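*Asks:* I'd like to ask some things about the structure below.
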Amino acid sequence: MIFLPLQLCQSSELKFRIPKEAASSGEGVYRVSYGPSSGFPASNFTVDSSLINQLITISDVLPGTLYTFHLYFSNSTVHDKLIWTSDLPTTPDPPINLNVSILGGKVAEATWEPPKQGGQTGFKLSWCPCPRRTTRRPVTTTSTILPPSC
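In structure tokens form, the structure reads like this:
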């Protein structure tokens, strides 16, 4: 029996639009290059001019990572002219082993470990008070911190 090391990791999606102004170069071939190179479609894919200003999705990107995108234009007279660039962050993975301890009154302490990928170490916590209940019951929490919705 052979055992191979296995690293489990989550992946994210990154969605963006190439602005209409970038397509002012006319008919030709548009090439999207990005880095880091983790993602699908792979870096240096071509985009038809009809997809300019349409939502483009890159899947399997690294969570919590800043991606740099470059759009190049080529036709019969111009080759690989850089016409647009943008830095776009991906959503970080949630914290690991989130633990919230009620210390008393309105005081609580939250501890966690940072996600394995992306270098994210801090998270913004928001308190959204629940409406008063007449009966007490246990509250179950998960390890995901949701953005404030109140």
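Taken in order, the sequence shown gives residues 1 to 150; the numbers are from full-length UniProt numbering. The C-beta atom is built at its ideal place from N, Cα and C for all residues, glycine as well. Given the structure is predicted, the values throughout are model-derived calculations rather than measurements.
I need the DSSP call for residue 16, collapsed to helix, strand or coil.
*Replies:* Taking the first residue of the sequence shown as position 1, residue 16 is located at position 16. Residue state, collapsed to three classes: strand.
*Asks:* Just tell me which of 98, 109, 90 and 113 has its CA closest to the CA of residue 64.
*Replies:* On the sequence shown, position 64 is the one that residue 64 refers to. With distances taken between Cα atoms, residue 64 lies closest to 90.
*Asks:* So what does DSSP say about residue 22, is it helix, strand or coil?
*Replies:* The residue labelled residue 22 in the question sits at position 22 within the sequence shown. In this structure, residue 22 counts as helix in the three-state DSSP scheme.
*Asks:* Use the C-beta contact count for residue 129: other C-beta atoms within 10 angstroms, 16 or more gives buried, fewer gives exposed.
*Replies:* Counted from its first residue, the sequence shown places residue 129 at position 129. The residue is exposed, with fewer than 16 neighbouring Cβ atoms inside 10 Å.
*Asks:* So is residue 102 buried or exposed if we call it buried at 16+ other beta carbons inside 10 Å?
*Replies:* Stepping through the sequence shown from its first residue, residue 102 is reached at position 102. Per the 10 Å Cβ criterion, exposed.
*Asks:* Inspect the beta-carbon positions of residue 88 and residue 67 and report whether they are closer than 8 Å.
*Replies:* Sequence index remark: in the sequence shown, residue 88 carries index 88 (1-based). Sequence index remark: in the sequence shown, residue 67 carries index 67 (1-based). Between residue 88 and residue 67, the C-beta spacing is below 8 Å.
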